[in-house]
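Protein chains in written order, with UniProt numbering: chain A, 1 to 307; chain B, 1 to 307. By construction, the Cβ of each residue, glycine as well, lies at the ideal position given by its N, Cα and C atoms. Working notes for the structure below.
There are 2 protein chains.
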Amino acid sequence: MGGTPPDLESLRLLTLVAELGSLGQAAERMRISQPAASKRLTMLERRLGLTLVDRSSRGSALTTEGKAVCQWSDRVLSEMESLMAGVAALRADQDDDLRLASSMTLAEHFVPRWIGALRQRSPDVRVSLRVTNSEQAAALAAGGQIGVGFIEAPTVPPGLCSRQVGADRLVVVVAPDHPWVRRRRPIEPAELARTPLIVREPGSGTRETLERILAGIDVEPARPLMVLDSNAAMRAAVAAGVGPAVLSVITVREDLAEGRVREVPVAGVNLNRRLRAVWARGSRPAGAAELLLGIASQRLPDVDTAA
Amino acid sequence: MGGTPPDLESLRLLTLVAELGSLGQAAERMRISQPAASKRLTMLERRLGLTLVDRSSRGSALTTEGKAVCQWSDRVLSEMESLMAGVAALRADQDDDLRLASSMTLAEHFVPRWIGALRQRSPDVRVSLRVTNSEQAAALAAGGQIGVGFIEAPTVPPGLCSRQVGADRLVVVVAPDHPWVRRRRPIEPAELARTPLIVREPGSGTRETLERILAGIDVEPARPLMVLDSNAAMRAAVAAGVGPAVLSVITVREDLAEGRVREVPVAGVNLNRRLRAVWARGSRPAGAAELLLGIASQRLPDVDTAA
DNA sequence: CCCGCCCATAACCGCAGATTATTACGTCAT
DNA sequence: ATGACGTAATAATCTGCGGTTATGGGCGGG
Numbered sequence: 001m002g003g004t005p006p007d008l009e010s011l012r013l014l015t016l017v018a019e020l021g022s023l024g025q026a027a028e029r030m031r032i033s034q035p036a037a038s039k040r041l042t043m044l045e046r047r048l049g050l051t052l053v054d055r056s057s058r059g060s061a062l063t064t065e066g067k068a069v070c071q072w073s074d075r076v077l078s079e080m081e082s083l084m085a086g087v088a089a090l091r092a093d094q095d096d097d098l099r100l101a102s103s104m105t106l107a108e109h110f111v112p113r114w115i116g117a118l119r120q121r122s123p124d125v126r127v128s129l130r131v132t133n134s135e136q137a138a139a140l141a142a143g144g145q146i147g148v149g150f151i152e153a154p155t156v157p158p159g160l161c162s163r164q165v166g167a168d169r170l171v172v173v174v175a176p177d178h179p180w181v182r183r184r185r186p187i188e189p190a191e192l193a194r195t196p197l198i199v200r201e202p203g204s205g206t207r208e209t210l211e212r213i214l215a216g217i218d219v220e221p222a223r224p225l226m227v228l229d230s231n232a233a234m235r236a237a238v239a240a241g242v243g244p245a246v247l248s249v250i251t252v253r254e255d256l257a258e259g260r261v262r263e264v265p266v267a268g269v270n271l272n273r274r275l276r277a278v279w280a281r282g283s284r285p286a287g288a289a290e291l292l293l294g295i296a297s298q299r300l301p302d303v304d305t306a307a
Numbered sequence: 001m002g003g004t005p006p007d008l009e010s011l012r013l014l015t016l017v018a019e020l021g022s023l024g025q026a027a028e029r030m031r032i033s034q035p036a037a038s039k040r041l042t043m044l045e046r047r048l049g050l051t052l053v054d055r056s057s058r059g060s061a062l063t064t065e066g067k068a069v070c071q072w073s074d075r076v077l078s079e080m081e082s083l084m085a086g087v088a089a090l091r092a093d094q095d096d097d098l099r100l101a102s103s104m105t106l107a108e109h110f111v112p113r114w115i116g117a118l119r120q121r122s123p124d125v126r127v128s129l130r131v132t133n134s135e136q137a138a139a140l141a142a143g144g145q146i147g148v149g150f151i152e153a154p155t156v157p158p159g160l161c162s163r164q165v166g167a168d169r170l171v172v173v174v175a176p177d178h179p180w181v182r183r184r185r186p187i188e189p190a191e192l193a194r195t196p197l198i199v200r201e202p203g204s205g206t207r208e209t210l211e212r213i214l215a216g217i218d219v220e221p222a223r224p225l226m227v228l229d230s231n232a233a234m235r236a237a238v239a240a241g242v243g244p245a246v247l248s249v250i251t252v253r254e255d256l257a258e259g260r261v262r263e264v265p266v267a268g269v270n271l272n273r274r275l276r277a278v279w280a281r282g283s284r285p286a287g288a289a290e291l292l293l294g295i296a297s298q299r300l301p302d303v304d305t306a307a
């Protein structure tokens, strides 16, 4: 009764049944035969141990439970679509209409979604994406190799125009059993600077922002406890109790919500930062690039920037 | 070259390789043989058209592209985990330690995640969930049939204690080609009240909140244009141009971000509302219920409540 | 130098999931 | 009534994905 995760095709089928109100039509939309769809759905219900649809002789409607599962499925499928959009962009490395580069954080959470939205509206544009760090992305934008770059650096490098596409905040995180969790008052920046931390590699926007903050303090910063080149690795290291780290709240939102790591307040420094789209001064984005910028800034991501 | 979506097992394998640094160890963790893992990964790379891992004779490390895909995969897998947690809770309808009921909106976006976090920490608690509307959930809580209910009603029904677990805002949304999109000034509440709208069924928190707002205006409200009992159906109807609707910003965030629907500002009414956990007065949540409440309110969801 | 760990390839096989053909059930129009 | 058209379920069959075991080939450390 452990419950094996269902495959995405079945979930997609469920959403189609919800949308079209008929199992056969859903089957047609998926380019499979009607019996196949029927069996799949039965199989899905057996796997989940739930009755998802009411079959009547003039159509099928979702049960209450079916609706709930359908909504959760939508989210899974949506993430998968983002993944596919990202992959398509990673793959098309030439012969493309719009070249992008992005820092890790932005690439992880936003860029694939924007690309997906762009492709929905103009499906024929070829988009390519390079995932690097903020420094590299800015350099590529300045050099004209890409149309638009997405960076999270504290300042806009010279020679670039920019537009804000989101907001972010750095947080100090530790494992739930770390002594800092029990503190009653925020820690002081000086103490943070003296503590060996898990940090990203030089050139990353996160690292650079951190250094800029600690540079303002009259304390010799401690040597890094560990240098990692991916946010996921850092999250795992923090949760495993290796030590404290400073990370974008976006990347650890889930870990925080589920209690795998804890946030430690810091006194008196502004850890907010802006996420920006950048492009070479003089070459105003046009066509696909313009459209993408519109999508990206049309609705700024909701981020908790409050203390 | 359309690109078939990969199966979740392969994505999981990728994340395990990233975590463990070795294909063989990842295979072991997944309870499959090493050759199977090797073949799967090769297959995945062929499917996506990308080189994801650098195989060396003393381990495997992800390429830059591999890291990006791995992060996107994490999100897909995380949503699937939520789905499974939700399904497990829907299924266990008796013989359980903690009974929950939730409105649609909360059930869609938050409750499965909280349940998942709860199960991670104490895997042996049996949780059950009923998905209804706010009115029903509150009634179940008041009647003692459930331990905790999650509602989005504007007021706390009598006889219940509550605790805020999130914030939300209602928005007026229309299709991108609706005349309201072109307006330069916010629409007046009276005009909204006079317009036939797509609404949820009576008893839903969304409907109730809307009626409470429109009741404050000295205008006879128009009859509904269409009554639907699921947020997804409303989103589809709005996007299809059926008419305007008033929905939780949470449910339409993606549609807004990707331009499928547009938000129409409303003048002079407060559309914010609180998402609450409720329980019967007198029976303070204990045990699993207490833990879940802690998880839910430990970190309030980041929601854009600003105008 | 050989033994360990890593990964890839080969040959085999079982089962999930597709197909077509057929049955059964309701609704509606004639 | 009755047949036409929609719905979905069942039966029989087959293909191929994804698993297994067995084996071979680099590379590093004791």
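For residue i, which option in the options has the closest C-alpha, if you only look at C-alpha atoms?
{"i": "N272 of chain B", "options": "B:T155, B:I146, B:D229", "result": "B:T155"}
{"i": "V199 of chain B", "options": "B:G143, B:W180, B:V242", "result": "B:V242"}
{"i": "T251 of chain A", "options": "B:W72, B:S57, B:L13", "result": "B:W72"}
{"i": "N231 of chain B", "options": "B:A222, B:R253, B:P285, B:R223", "result": "B:R253"}
{"i": "A36 of chain B", "options": "B:A245, B:L293, B:L23", "result": "B:L23"}
{"i": "P123 of chain A", "options": "A:L140, A:V76, A:D96, A:K39", "result": "A:D96"}
{"i": "residue 354 of chain B", "options": "B:S103, B:T206, B:L13", "result": "The first residue shown for chain B is 1 and the last is 307, placing residue 354 of chain B beyond what the model contains."}
{"i": "Q298 of chain B", "options": "A:V125, A:L256, A:G294", "result": "A:L256"}
{"i": "K39 of chain A", "options": "A:I187, A:E9, A:A85", "result": "A:E9"}
{"i": "M30 of chain A", "options": "A:T42, A:M43, A:Q164, A:L16", "result": "A:L16"}
{"i": "E258 of chain B", "options": "A:L228, A:R235, A:E258, A:I295", "result": "A:I295"}
{"i": "E208 of chain B", "options": "B:L247, B:R58, B:A277", "result": "B:L247"}
{"i": "Q106 of chain A", "options": "A:V227, A:H178, A:M80, A:G86", "result": "Reading off the sequence shown, one finds Leu at residue 106 of chain A, where the question assumed Gln. Of the candidates A:V227, A:H178, A:M80, A:G86, the one whose C-alpha sits nearest the C-alpha of L106 of chain A is A:G86."}
{"i": "S283 of chain B", "options": "B:P224, B:E108, B:Q145", "result": "B:Q145"}
{"i": "P224 of chain A", "options": "A:L210, A:D218, A:G216", "result": "A:L210"}
{"i": "P202 of chain A", "options": "A:D218, A:D229, A:G147", "result": "A:D229"}
Closer than 7 Å by beta-carbon distance: list the chain A residues that pair up with residue i, in chain order.
{"i": "A245 of chain B", "result": "Here the premise fails: no neighbours, minimum Cβ distance about 17 Å."}
{"i": "Q71 of chain B", "result": "E108, A232"}
By Cβ distance below 8 Å, which residues in the same chain neighbour residue i in space, the five residues on each side in sequence not counted?
{"i": "L48 of chain B", "result": "G3, P6, V69"}
{"i": "G159 of chain A", "result": "A142, A280, R281"}
Which chain A residues are close to residue i, counting only those with a beta carbon under 8 Å from its beta carbon?
{"i": "V131 of chain B", "result": "T64, E65, K67, A68"}
{"i": "A117 of chain B", "result": "A257, E258, G259"}
{"i": "P112 of chain B", "result": "W72"}
Does DSSP put residue i in a helix, in a strand, or in coil?
{"i": "D255 of chain B", "result": "helix"}
{"i": "T4 of chain B", "result": "coil"}
{"i": "G282 of chain A", "result": "coil"}
{"i": "D54 of chain A", "result": "strand"}
{"i": "A117 of chain A", "result": "helix"}
{"i": "I250 of chain A", "result": "helix"}
{"i": "A37 of chain B", "result": "helix"}
{"i": "A92 of chain B", "result": "coil"}
Residues in the same chain with beta-carbon distance under 7 Å from residue i, minus the five sequence neighbours each way, listed in chain order, please.
{"i": "Q25 of chain A", "result": "none"}
{"i": "T195 of chain B", "result": "A222, P244"}
{"i": "A137 of chain A", "result": "A101, S102, S103, G149, F150, I151"}
{"i": "V266 of chain A", "result": "V172, P186, I187, P189, L192"}
{"i": "S60 of chain B", "result": "V17, G21, S22, L23, V53, D54"}
{"i": "H109 of chain B", "result": "I250"}
{"i": "R260 of chain A", "result": "A239"}
{"i": "M84 of chain B", "result": "none"}
Name the chain A residues that come within less than 9 Å of residue i, Cβ to Cβ?
{"i": "L50 of chain B", "result": "V87, L90, R91"}
{"i": "Q120 of chain B", "result": "E258, G259, R260"}
{"i": "E152 of chain B", "result": "Those do not exist, as E152 of chain B stays about 15 Å from chain A at its closest Cβ, beyond 9 Å."}
{"i": "I295 of chain B", "result": "A257, E258, G259"}
Can you find the residues in the same chain that come closer than 6 Å, C-beta to C-beta, to residue i, ignoring five residues on each side of it along the sequence?
{"i": "R113 of chain A", "result": "S82"}
{"i": "A89 of chain A", "result": "I115, V127, S128, L129"}
{"i": "R20 of chain B", "result": "The question names Arg, yet the displayed sequence has Leu at residue 20 of chain B. These residues qualify, in order along the chain: A26."}
{"i": "A92 of chain B", "result": "R126, S128"}
{"i": "L50 of chain A", "result": "E65"}
Just the chain B side, please: which residues come within less than 9 Å of residue i by C-beta, in chain order?
{"i": "M43 of chain A", "result": "What M43 of chain A touches in chain B: nothing, since even the nearest Cβ is about 14 Å away."}
{"i": "G3 of chain A", "result": "M84, V87, A88, R91"}
{"i": "S134 of chain A", "result": "Residues of chain B passing the Cβ test: none, with the nearest at roughly 14 Å."}
Beta carbon of residue i: closer than 6 Å to some heavy atom of the ligand ATP?
{"i": "L8 of chain B", "result": "Although the ligand ATP was asked about, the structure shown includes no ligands whatsoever."}
Since residue i meets chain B, which of its residues come closer than 8 Å, beta carbon to beta carbon?
{"i": "L8 of chain A", "result": "P5, D7, L8"}
Listing by chain order, which chain B residues have their CB less than 7 Å from the CB of residue i?
{"i": "I146 of chain A", "result": "What I146 of chain A touches in chain B: nothing, since even the nearest Cβ is about 15 Å away."}
| request: Taking 8 Å as the threshold, find out whether the region 168-183 of chain B comes into contact with the region 130-137 of chain B through three or more Cβ pairs. | output: no
| field | Any 3 or more C-beta pairs closer than 8 Å across the region 287-295 of chain A and the region 179-189 of chain A | value | Contact between the region 287-295 of chain A and the region 179-189 of chain A is absent, because fewer than three Cβ pairs lie under 8 Å.
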